[in-house]
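K.L.:
Mapping the sequence shown onto the UniProt record's numbering, position 258 (from 1) lands on 258, and the numbers just tick up by one. Cβ atoms here follow ideal geometry from the backbone N, Cα and C, with glycine treated the same way. The structure's right below; bear with me while I get my questions together.
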Amino acid sequence: MLNTVMSERVRRITNLQLQTHLTSLCITNRDIANLLRMMEAEVPVSEVRELVAPLAKKAEWSKALARAIEDLESVADNAKALGLECAVTVAPCLAYNATQHSGVFWQMCAVSAAQRACSKHRSADIVAAGGRYDVLIDEFCVVSRSVQSASTRQASGAAGCSMSLQRMAAVRSRAAPTDPASGAAGCSMSLQRMAAVAAPADPNPSICVCVWGTVGNSRDGHRAARRAQLARELWAAGHAVCTLECKSATEAHELSGASIVLLDEDNYFCAICWDDNRVREHRLPYIEVLDFVKQKLGSDSVKSPEGNFGRTISWSDESRDRDKSSPNISVTFITSSEKMTRNSRRLCENQINTQITSSLLRLGVTQLSRSRVCVLALACEAACVRSLAANLDLPSHSRELLGAASCTINSFPRRRKIIEETIEELITMTSTQNNQSRASEEVVLYALYSIPDAVCRLLV
């Protein structure tokens, strides 16, 4: 019966022929009406339960449907947690070749803003299609059961799709406005470049994040969301990351081939690193995982001269030559008697680099590599940093700087020592920069950063 239903869906037979065939199978009019309603239904995941629940007449079918709906909701929630922004629509009778795809078949459609009001999509809008391939994986496992090293892969499943770059280009060309009165121009697309971008540079990912559970409001749900958020942050940082649903680091390493496996353990993340024939394990707080990965996979070289107030870092000339889109930033930590760990400092440095780059882009600075920014990271609250940045005016004489900072000292007497050290460091920096010879097009800026509140302010 499923093949007949699919024939009507792809318009091989008419709706009247379908109803005649269903009547010949002695199916009641009520069941035919329900089936036709299901064929036309395309609803969000949140409405699936309401759609299919009245159709289950037996308790065993009701339980099976409830379990299937819970699995579907779990997949949708986890996909959104991993960064999916597309709308997920469920069509119960979309299944094509259900045996091969284990009952799950999906399509990706290109929908414009004008088409969102209509739930139906044309076949020309489909740019990708796929499903589950557990049956094919089982067939491969039958062949590989004689291989001892493949024993860990026998219980694996797979999901995938076939994507058409030609269809994507055609849909994009149709959607591009061509009316000269609209003020918009068309687009030029290169299928070779799209294929090059889509092709992975390295078949084996560098990092594997172990994920499990369902994102939700419970304690386990929050932990599942944290694991998904970690994968998103690693992707955003440009790392080659894969995710596997397993709780064993060894199994994740064998299945993915990743050199670093990140496993969530209570309040810490366990980072297991495979280096040649050695295995090393590190326990890290969540906020330090991203910085640890950058160090392990070879981050920018950093110089760390000792100073009176903290560590000052700057990127080497070779690093600047490799990355012309980043400003040259040096950071001086002023923490008074408070001590900071190495990982905490690196976390601050990464946040400062992100905020400074964003601020320079908003100000219209295009040649970021010609910008030199001296940042003072202060162990004081954001209000103190904002007040100090508002009162300081650079370049100024040392007496003028001390007078401008007096207002902030009166407002924050507990931070007097840090503020005075900040002024002294600013005086030293400005005098040093004035005495140094630099290119005429190079821009030197100064900024203040609040360590506890992660707030950065440029000095003007």
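Tell me which residues share the same chain as Cys384 and place their Cβ nearer than 7 Å to its Cβ, disregarding the 5 neighbours each side in the sequence.
P.N.:
Thr408, Phe412 and Arg415.
K.L.:
Suppose the cutoff is 7 Å on Cβ atoms and the five residues either side in sequence are ignored; what does the same chain contact list for Leu402 look like?
P.N.:
Excluding residues within five positions, the ones whose Cβ falls inside 7 Å are Ile423.
K.L.:
Identify the continuous beta strand (DSSP E) that holds Phe333 and give its terminal residues.
P.N.:
Taken as a continuous stretch (DSSP letters only), the beta strand (DSSP E) holding Phe333 covers Asn328 to Ile334.
K.L.:
Alpha carbon to alpha carbon, what distance is there between Ser336 and Lys417?
P.N.:
Near 7 Å, if we compare the C-alpha coordinates of Ser336 and Lys417.
K.L.:
What is the C-beta distance between Ser326 and Leu376, in whole angstroms, given that I count them as a contact (C-beta under 8 Å)?
P.N.:
That pair is no contact at about 20 Å.
K.L.:
From Ala159 to Ala236, what distance separates their C-alpha atoms?
P.N.:
Approximately 23 Å, taken between the alpha carbons.
K.L.:
For a test of the three-state rule: what should DSSP assign to Glu306, helix, strand or coil?
P.N.:
For Glu306, the predicted model reports a pLDDT of 38, less than 50, meaning its position is unreliable; a value from the coordinates is still stated below. In the structure shown, Glu306 sits in coil (DSSP, three-state: anything other than H, G, I, E or B).
K.L.:
Identify the continuous beta strand (DSSP E) that holds Thr28 and give its terminal residues.
P.N.:
Taken as a continuous stretch (DSSP letters only), Thr28 belongs to no beta strand (DSSP E), as it is neither H nor E.
K.L.:
In whole angstroms, what is the alpha-carbon distance linking Ser206 and Leu234?
P.N.:
Distance between the alpha carbons of Ser206 and Leu234: 11 Å.
K.L.:
Helix, strand or coil: which one does DSSP assign to Ile287?
P.N.:
Helix at Ile287.
K.L.:
Counting only runs that start and end within the stretch 225 to 257, where is the alpha helix (DSSP H) found for 4 or more residues in a row?
P.N.:
You should have 249 to 256.
K.L.:
Would you list the residues sitting across from Val373 in a DSSP beta bridge?
P.N.:
According to DSSP, Val373 bridges with Ile329 and Leu445.
K.L.:
Run through the DSSP bridge pairs and tell me what Val261 is partnered with.
P.N.:
According to DSSP, which records beta bridges pairwise, Val261 is partnered with Cys208 and Ile272.
K.L.:
Rounded to whole angstroms, what is the Cα-Cα separation between Lys294 and Asp138?
P.N.:
Cα to Cα, the separation comes out at about 38 Å.
K.L.:
Which residue or residues does DSSP assign as beta-bridge partners of Met340?
P.N.:
In the DSSP output, where bridge partners are listed per residue, Met340 has none listed.
K.L.:
Name the two residues that bound the continuous beta strand (DSSP E) containing Ser162.
P.N.:
Counting along the chain, the beta strand (DSSP E) containing Ser162 begins and ends at Ala159 to Met163.
K.L.:
Below 6 Å CB to CB, which residues in the same chain sit around Val48 once its five sequence neighbours on both sides are set aside?
P.N.:
Taken in chain order, the residues that qualify are Ile69 and Val90.
K.L.:
DSSP three-state label for Pro413, please.
P.N.:
Here Pro413 sits in helix by DSSP.
K.L.:
Can you check whether the CB of Trp212 is closer than 8 Å to the CB of Glu254?
P.N.:
No, the pair does not count as a contact, with Cβ atoms beyond the cut-off.
K.L.:
Using a threshold of 8 Å, state whether the C-beta atoms of Ile260 and Ala271 are closer than that.
P.N.:
Taking 8 Å as the Cβ cut-off, Ile260 and Ala271 qualify as a contacting pair.
K.L.:
If you draw a straight line from the C-alpha of Arg457 to the C-alpha of Lys63, how long is it?
P.N.:
Approximately 58 Å between the Cα atoms of the pair.
K.L.:
Taking the beta strand (DSSP E) that Ala129 belongs to, which residues open and close that run?
P.N.:
Ile126 to Arg132 is the span of the beta strand (DSSP E), which, as asked, contains Ala129.
K.L.:
In the structure shown, what three-state DSSP assignment does Leu378 receive?
P.N.:
Leu378: strand per DSSP, three-state reduction.
K.L.:
So the alpha helix (DSSP H) Arg49 belongs to, where does it begin and stop?
P.N.:
Note, Arg49: alpha helix (DSSP H), Val48 to Val52.
K.L.:
Can you give me the Cβ contacts of Ala110 inside the same chain, cut-off strictly under 6 Å, excluding the 5 residues immediately before and after it?
P.N.:
Around Ala110: Asp125, Val127 and Val171.
K.L.:
Go ahead and label Asp77 buried or exposed: buried means 16 or more other beta carbons lie within 10 angstroms of its beta carbon, across all protein chains shown.
P.N.:
The residue is buried, with at least 16 neighbouring Cβ atoms inside 10 Å.
K.L.:
Mind checking who Leu459 pairs with in its DSSP beta bridge?
P.N.:
Answer is Tyr446.
K.L.:
If I'm right that Ala231 touches Thr243 with Cβ under 8 Å, what's the distance once you round it to whole angstroms?
P.N.:
Confirmed, Cβ separation roughly 5 Å.
K.L.:
How far does the beta strand (DSSP E) with Gln107 in it extend, from its first residue to its last?
P.N.:
Per DSSP, Gln107 belongs to the beta strand (DSSP E) from Phe105 to Cys109.
K.L.:
Would Cys348 count as contacting chain D if we go by Cβ distances under 8 Å?
P.N.:
Within the model displayed, chain D is absent; a lone protein chain is all it includes.
K.L.:
Rounded to a whole number of angstroms, what is the C-alpha to C-alpha distance between Ala169 and Cys86?
P.N.:
Approximately 19 Å, taken between the alpha carbons.
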